[in-house]
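Input: a single structure, listed below in structure tokens.
In my numbering, the protein residues as written are 2 to 119.
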């Protein structure tokens, strides 16, 4: 797809997409400037950037997280922080599946703690 189609699909202005590419938040298009081609990886990168910005992270912090490849911290409750791999943020994976898996992990931890206390 071309940049106009990418902008329509993601709801992000072409100028903003060019900024994200220049800053390294989104990979460069395939085919060079004259025949630039964008794919699902570009859509995912734009969504990931948007999700991180919506969570309040400034561009500089997003750049550090993406360059280091570390997980993104999301405080859930006092003393509980969920670490999410950057590739999952804005990936389009249904949140319900992630939440169900997380709930199962939390249940397992709580049950183990209860058994250890007995």
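Note that beta-carbon positions come from the ideal geometry of N, C-alpha and C, so glycine has one too.
Unbroken beta strand (DSSP E) stretches of 3 residues or longer found wholly inside the region 8 to 79: 73 to 78, given in chain order. Judged by DSSP secondary structure, residue 81 falls within the beta strand (DSSP E) whose first and last residues are 81 to 85.
Put simply, the backbone Cα of residue 33 is about 30 Å away from that of residue 55. Per the C-alpha coordinates, the member of 26, 65, 78 and 30 positioned closest to residue 48 is 26. Excluding sequence positions up to five before and after residue 13, its CB lies within less than 6 Å of the CB of 47, all in the same chain and listed in chain order.
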